[in-house]
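Number of protein chains: 2
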Amino acid sequence: MSVTAAPGFRAAGVTAGIKPSGNRDVAVVINDGPSRAAAAVFTRNRVKAAPVLWSQQVVAGGRVRAVVLNAGNANACTGAPGFQDAHATAERAAAALDDSAGEIVVCSTGLIGERLPLPALLDGVDAAVAEAARDGGLAAAGAIRTTDTVAKIAFRRGAGYTVGGMAKGAGMLAPSLATMLSVITTDADLTSEQCDRLLRAATARTFERVDSDGCLSTNDTVVLMAGGASGVTPDEAEFGLLLTEVCADLARQLVADAEGASKSIAIEVVGAADEDDAVEVARAVARNSLFKCAMYGQDPNWGRVLAAVGTTSAAFEPDDLNVAINGVWICRRGAVGDDRSKVDLAPREVTVTVDLSAGSAAATVWTTDLTVEYVHENSAYST
Amino acid sequence: MSVTAAPGFRAAGVTAGIKPSGNRDVAVVINDGPSRAAAAVFTRNRVKAAPVLWSQQVVAGGRVRAVVLNAGNANACTGAPGFQDAHATAERAAAALDDSAGEIVVCSTGLIGERLPLPALLDGVDAAVAEAARDGGLAAAGAIRTTDTVAKIAFRRGAGYTVGGMAKGAGMLAPSLATMLSVITTDADLTSEQCDRLLRAATARTFERVDSDGCLSTNDTVVLMAGGASGVTPDEAEFGLLLTEVCADLARQLVADAEGASKSIAIEVVGAADEDDAVEVARAVARNSLFKCAMYGQDPNWGRVLAAVGTTSAAFEPDDLNVAINGVWICRRGAVGDDRSKVDLAPREVTVTVDLSAGSAAATVWTTDLTVEYVHENSAYST
Numbered sequence: 006m007s008v009t010a011a012p013g014f015r016a017a018g019v020t021a022g023i024k025p026s027g028n029r030d031v032a033v034v035i036n037d038g039p040s041r042a043a044a045a046v047f048t049r050n051r052v053k054a055a056p057v058l059w060s061q062q063v064v065a066g067g068r069v070r071a072v073v074l075n076a077g078n079a080n081a082c083t084g085a086p087g088f089q090d091a092h093a094t095a096e097r098a099a100a101a102l103d104d105s106a107g108e109i110v111v112c113s114t115g116l117i118g119e120r121l122p123l124p125a126l127l128d129g130v131d132a133a134v135a136e137a138a139r140d141g142g143l144a145a146a147g148a149i150r151t152t153d154t155v156a157k158i159a160f161r162r163g164a165g166y167t168v169g170g171m172a173k174g175a176g177m178l179a180p181s182l183a184t185m186l187s188v189i190t191t192d193a194d195l196t197s198e199q200c201d202r203l204l205r206a207a208t209a210r211t212f213e214r215v216d217s218d219g220c221l222s223t224n225d226t227v228v229l230m231a232g233g234a235s236g237v238t239p240d241e242a243e244f245g246l247l248l249t250e251v252c253a254d255l256a257r258q259l260v261a262d263a264e265g266a267s268k269s270i271a272i273e274v275v276g277a278a279d280e281d282d283a284v285e286v287a288r289a290v291a292r293n294s295l296f297k298c299a300m301y302g303q304d305p306n307w308g309r310v311l312a313a314v315g316t317t318s319a320a321f322e323p324d325d326l327n328v329a330i331n332g333v334w335i336c337r338r339g340a341v342g343d344d345r346s347k348v349d350l351a352p353r354e355v356t357v358t359v360d361l362s363a364g365s366a367a368a369t370v371w372t373t374d375l376t377v378e379y380v381h382e383n384s385a386y387s388t
Numbered sequence: 006m007s008v009t010a011a012p013g014f015r016a017a018g019v020t021a022g023i024k025p026s027g028n029r030d031v032a033v034v035i036n037d038g039p040s041r042a043a044a045a046v047f048t049r050n051r052v053k054a055a056p057v058l059w060s061q062q063v064v065a066g067g068r069v070r071a072v073v074l075n076a077g078n079a080n081a082c083t084g085a086p087g088f089q090d091a092h093a094t095a096e097r098a099a100a101a102l103d104d105s106a107g108e109i110v111v112c113s114t115g116l117i118g119e120r121l122p123l124p125a126l127l128d129g130v131d132a133a134v135a136e137a138a139r140d141g142g143l144a145a146a147g148a149i150r151t152t153d154t155v156a157k158i159a160f161r162r163g164a165g166y167t168v169g170g171m172a173k174g175a176g177m178l179a180p181s182l183a184t185m186l187s188v189i190t191t192d193a194d195l196t197s198e199q200c201d202r203l204l205r206a207a208t209a210r211t212f213e214r215v216d217s218d219g220c221l222s223t224n225d226t227v228v229l230m231a232g233g234a235s236g237v238t239p240d241e242a243e244f245g246l247l248l249t250e251v252c253a254d255l256a257r258q259l260v261a262d263a264e265g266a267s268k269s270i271a272i273e274v275v276g277a278a279d280e281d282d283a284v285e286v287a288r289a290v291a292r293n294s295l296f297k298c299a300m301y302g303q304d305p306n307w308g309r310v311l312a313a314v315g316t317t318s319a320a321f322e323p324d325d326l327n328v329a330i331n332g333v334w335i336c337r338r339g340a341v342g343d344d345r346s347k348v349d350l351a352p353r354e355v356t357v358t359v360d361l362s363a364g365s366a367a368a369t370v371w372t373t374d375l376t377v378e379y380v381h382e383n384s385a386y387s388t
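Respectively, the protein sequence lines represent chains A and B.
Quick note on numbering: the first sequence equals residues 6 to 388 in my numbering.
Quick note on numbering: the second sequence equals residues 6 to 388 in my numbering.
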């Protein structure tokens, strides 16, 4: 169902020859309106790829006609010529749509530091726009895959409208292929200000809480387009909930398919003084290499969890910390708790619960383990 | 020469039975004065092991008679009973020396979350104090090894005095064995205030710039004891330089022996607006898993360096960044530079230079690569 679950959108995925594999590598998602209200969030990395720099300008206007995406080349660290390539991509899509390049978002994912094969890409843009159709959502989701083993799609139905989306990426787990891209569409009628506010709220608790290896891509982009074809102005709370569900669904799919990972790990922090503390602690654990190696080894090593918690500025007393792994409280009051042999770490899904005993706020960050396969895949990539 | 390079110090390393291997595992370093001026720096981890909590109190008094160290068990995350064990260790050493426990520093390294085998340890303390001698420096350095493949020692001669030291640890590379411990001695005559000021300055640019995997131990301790046996009050600048050289020498030995590492990597940041910026950028690169995997794969992947730099708050413009690996400027002005095939990454020693083009400050952080062996060693440790 993907990005064409909602009426008023067309999509396509085509082969332009950017991926050496010969698989589909260029996608478009076209909003046929009547509204073009849109918003996007981008990577916080200060080294931003050319398509991010281009698309930030586009989205500042609050209107998006279409998103063009390519896989196989990130168009990152390519200087002024790379920006011209992103601009040319938008111009070609605009020409094919008889529209303005200033309302075309461009996303790229793949190798860093190499120029795009522009003629091939532009031919691909023409072909994708020509093919774009209501049934093209899955092809689009396939075309943006890099090392993703499956296409990631999700949708939810609201009261008279639909929210659908696609995503690619392995969290930040993969190397120059790290980029997380997502396009979400809806036929609900929203202003661009609503799109912006609701998308920021939804991504803050979903995509931004996926942290596979702490590495921040230069290309991350999540775009929301609200075409308004349903004519329904949704209840904002309901829409926000559905949007968050779609984002959460896609985010979980990213973790589940993370490169080289053998565990999908939820780091659940409870008893925090506030949500910021909970997120800081969860992220510190999620980024701790020694903890992640222990998970790979199916070793319920709570000492490494405590050592990670201790690096944060969150409110807690070391002697009040409790840690459970898969429900067994193996650390109580900062010291050894229940028998660690009761922890079953064989399943792929793992939940680590950290109780800070400092309040009632909570948050969860999703991560993966650090594996031999991760090192293999990320040491052998660009050579 | 180690901790007994300077006159006025005795040391020993004995087997107490804490290490399953049966190797030496308890060390003492005794200061026979006439002065007991001393200082120490400890881990910034808020989850501090019991011996750190004990020793912080001792060092606050500015006087240290002896340091007792054990390997094989970190006495971390052991609650109030663990603190009592650290206290008992100091008491036993004090009794053997007919002195005050309030001037005995205790250091532990090894498994987290398990109680010390106290009777064995206390017998070891007795034996070590009984054996302590001027020629015991190397045995002490051997006894504090965990996964260290070699003992780490260093010394420098000043104008009428000596600075000597020992250290253990693999940066933070190893798991619950991560701890970095170091004892440095001198027969120069210094106040405890001088010890504190000079030790903080020396460690800030040496031990604190070793960052193998970003994981902060619960037990890190560096102690400086100035016995004053030479009767020489040193020139403070000269002493600071020698002390820094000893710390740098030991720090480099830690990186060279880091568990599972195949590369010793200097991340050298130049052109920074100030030293804090330079350290922040160097540390961000040193902690980037994707960059570290690329080094393991001998892949001069400058895009991952830029992506790491982009996560910092340092002053720079993305289009002004230059990156060299082993002297080849493969990234110029934020984009592709010289031919990457010119970079030779076969040697163990690697230098990555990041030019921020934002000023004239510089700093270097030493790190290692992320290897399959690292994951193996750290996933198989406590199980």
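Ideal placement from N, C-alpha and C gives every residue a C-beta, glycine not left out.
The model shown is predicted, which means the values in this text are computed figures rather than measured ones.
Residue i - containing alpha helix (DSSP H), residue span
| i | result |
| --- | --- |
| A/Lys-173 | Unbroken run through A/Lys-173 is the beta strand (DSSP E), 167 to 173; no alpha helix (DSSP H). |
| A/Thr-208 | 197 to 209 |
| A/Arg-257 | 241 to 261 |
| B/Val-380 | 377 to 384 |
| A/Cys-112 | A/Cys-112 -> not in any alpha helix (DSSP H); beta strand (DSSP E) instead, spanning 109 to 116. |
| A/Glu-273 | Run containing A/Glu-273: none in the alpha helix (DSSP H); it sits in the beta strand (DSSP E), 269 to 277. |
Any chain B beta carbon closer than 8 angstroms to residue i
| i | result |
| --- | --- |
| A/Ser-269 | no |
| A/His-381 | yes |
| A/Ala-312 | yes |
| A/Val-341 | yes |
| A/Tyr-166 | no |
| A/Asp-281 | no |
| A/Pro-323 | yes |
| A/Ser-294 | yes |
Exposed unless 16 or more other CB atoms sit within 10 angstroms - verdict on residue i
| i | result |
| --- | --- |
| B/Thr-154 | exposed |
| A/Gly-273 | Here residue 273 of chain A turns out to be Glu, not Gly, going by the sequence shown. That one is buried. |
| A/Lys-157 | buried |
| B/Glu-243 | exposed |
| A/Gly-27 | exposed |
| B/Asp-344 | exposed |
| B/Lys-268 | buried |
| B/Arg-353 | exposed |
| B/Ala-138 | exposed |
Delimiting residues of the beta strand (DSSP E) encompassing residue i
| i | result |
| --- | --- |
| B/Lys-157 | 157 to 162 |
| B/Asp-360 | 354 to 360 |
| B/Cys-220 | Here B/Cys-220 belongs to no beta strand (DSSP E), and DSSP marks it neither H nor E. |
| B/Arg-97 | Element bounds for B/Arg-97: not the beta strand (DSSP E) but the alpha helix (DSSP H), 84 to 102. |
| A/Leu-74 | 71 to 78 |
Three-state secondary structure assigned by DSSP to residue i
| i | result |
| --- | --- |
| A/Met-177 | The pLDDT assigned to A/Met-177 is 49, lower than 50, so where the model puts this residue is not dependable; a value taken from the coordinates is nonetheless given after this. The answer is strand: DSSP assigns A/Met-177 an E or B state. |
| B/Asn-327 | strand |
| B/Met-393 | Chain B is shown from 6 up to 388; residue 393 of chain B falls before or after that span and cannot be answered. |
| A/Arg-214 | helix |
| B/Phe-321 | coil |
| A/Glu-229 | A small fix is needed here, since residue 229 of chain A is Leu in this sequence, not Glu. Strand at A/Leu-229. |
| A/Ala-289 | helix |
| A/Val-8 | helix |
| B/Arg-337 | strand |
Any C-beta of chain A under 8 angstroms from that of residue i
| i | result |
| --- | --- |
| B/Ser-7 | no |
| B/Leu-299 | In the sequence as presented, Leu is not what sits at residue 299 of chain B; that position holds Ala. Judged by the 8 angstroms Cβ criterion, B/Ala-299 is in contact with chain A. |
| B/Ser-222 | yes |
| B/Thr-388 | Bear in mind that a pLDDT of 37 at B/Thr-388, under 50, signals an unreliable position, so the number given afterwards is only what the model happens to contain. Judged by the 8 angstroms Cβ criterion, B/Thr-388 is in contact with chain A. |
| B/Val-275 | no |
| B/Asn-80 | no |
| B/Val-377 | yes |
| B/Ala-266 | no |
| B/Ile-117 | yes |
Is it true that the stretch 6 to 23 of chain B meets the stretch 339 to 358 of chain A, where meeting means three or more beta-carbon pairs spaced less than 8 angstroms apart?
no
Would the stretch 48 to 57 of chain B and the stretch 243 to 259 of chain B be scored as touching if the rule is three or more Cβ pairs under 8 angstroms?
no
Report yes or no: do the stretch 71 to 89 of chain A and the stretch 219 to 229 of chain A share at least 3 C-beta pairs separated by less than 8 angstroms?
yes
Between the stretch 197 to 210 of chain A and the stretch 226 to 242 of chain A, do three or more beta carbon pairs fall short of 8 angstroms?
yes
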